[in-house]
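Here is the structure we will look at, set down as structure tokens.
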Ligand code: GLY
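Numbering (my numbering), first residue to last: -9 to 363.
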């Protein structure tokens, strides 16, 4: 059988794969994206789209939290122009908002944790301040009177991941990036390490292979990327909340056209990838309504589950493996945030240039000293 050939094949068509394909195409590289489609649960489709470096940089995992923060902060700074360029190029609205985020507290212990977080973010050069409950209600009048304090991160914000993906798809079509709908089954070995076959039995080969696949693709480095399921819901709510609100037990993300996303559970490694538990959704809704009572009883529009690509230390894997394949994986809770900066850095690495950020903290070899990667 003759294998279909590409210069660069990106395996995985989530936000990381598509932004990377766009960056490579902009640099003149002939690129194809190979993606299984919805047969595998997709993290990007499930994401709420928070751009939240001030809240999520994996400090609790003991990994390279500072590097993750800096990657997130850099990418957050890129998102405004990235969203505008995507919209201008494609005409697809991506719902980028520049209006900040609030992390809420009901009691002293929560306030202390948020204050520590604000101090950490500030020490890393970010924007974060503690404000009183009344000040939080000035920003968001629908917040509960029970809120005693909040972390205000004025630069954190959000996009709508599904709109971003529609825009990226249109952008890649213009750039003549080929999108191949196939589930990659396995790679060759030795001389054939740049060849791969799909579940459907098709054979491919590429000069350069990039793995941007998800947690249950079977293609990620063994044991280093694992599924962390998240369940979420969208309800009908127009104008009640205007910015991202992170309450204990639920985050609340107002989107365009009266859609408000409430997320998300976090469960490591379940086998029922697609199922959504009524109890989980009820819990998220109760936690959201505690913070914003006006959300109680709002009509449900949708509920869903997705699999985040988790890693042992909460940080992504970017670099190369021992077979010379490039890795752009494991962005866990932050794939949407990281995408523009990760794409820029990985495109430079793949094209043999020095990436604009140090990718060493994200190397696969951090998990196994003494090996390349
Ligand atoms: N970053 C939000 C989530 O993973 O649920």
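We treat Cβ as the ideally placed atom computed from N, Cα and C, and that holds for glycine.
Check your understanding: Taking 7 Å as the line, does the beta carbon of residue 91 fall inside it for any heavy atom of the ligand GLY?
Key -> no
**Study point:** Outcome for residue 112 when other beta-carbon atoms lying within 10 angstroms are tallied against a minimum of 16
**Key:** exposed
**Study point:** Given residue 220 as reference, the closest of 177, 38, -2, 24 once Cα atoms are compared
**Key:** 38
Point to revise | Buried/exposed call for residue 292, threshold 16 Cβ in 10 Å | key: exposed
Check your understanding: Considering only C-alpha positions, which residue in the set 211, 300, 233 is nearest to residue 89?
Key -> 233
Review point. Exposed or buried, residue 321, counting other C-beta atoms within 10 Å across all chains shown (16 or more means buried)?
Key: buried
Check your understanding: What first and last residue would you give for the alpha helix (DSSP H) that runs through residue 113?
Key -> 98 to 113
Exercise for review: Tell me, to the nearest whole angstrom, how far the beta carbon of residue 104 is from that of residue 133; I am working on the premise that it is less than 8 Å.
Suggested key: Contact flag wrong, Cβ pair sits at about 15 Å.
Review point. Relative to the ligand GLY, what is the chain-ordered list of residues with a Cβ closer than 6 Å to any of its non-hydrogen atoms?
Key: 38, 40, 46, 220, 253, 254, 298, 323
Point to revise | Cβ neighbours of residue 162 in the same chain (closer than 8 Å, five flanking residues each side left out) | key: 8, 11, 12, 15, 23, 169
Point to revise | residue 41 - DSSP class collapsed to helix/strand/coil | key: strand
Check your understanding: Got a sec, what are the start and stop residues for the beta strand (DSSP E) residue 187 sits in?
Key -> 185 to 188
Exercise for review: Count the other CB atoms, across all protein chains shown, that sit within 10 Å of the CB of residue 130; report buried if there are 16 or more and exposed otherwise.
Suggested key: buried
Exercise for review: Measure the C-alpha to C-alpha separation of residue 28 and residue 319 and round it to an integer number of angstroms.
Suggested key: 18 Å
**Study point:** Residue of 244, 218, 270 minimising C-alpha distance to residue 261
**Key:** 218
**Study point:** residue 154, enclosing alpha helix (DSSP H) - first and last residue
**Key:** 151 to 164
Point to revise | Inter-residue CB distance, residue 332 and residue 308 (contact presumed, cutoff 8 Å) | key: 6 Å
Exercise for review: Tell me where the beta strand (DSSP E) around residue 86 begins and ends.
Suggested key: Residue 86 -> no beta strand (DSSP E), and no H or E assigned at all.
Check your understanding: For the beta strand (DSSP E) that contains residue 201, what are its first and last residues?
Key -> 193 to 201
Exercise for review: In angstroms with no decimal places, state the Cα-to-Cα distance between residue -3 and residue 210.
Suggested key: 21 Å
Practice item. Within the same chain, show all residues whose beta-carbon is closer than 7 Å to that of residue 323, passing over the 5 residues directly before and after it, in chain order. Key: 46, 298
Practice item. May I have the straight-line CA-CA distance separating residue 268 from residue 289, to the nearest angstrom? Key: 15 Å
**Study point:** Where residue 356 falls, given that 16 or more other Cβ within 10 Å makes a residue buried
**Key:** buried
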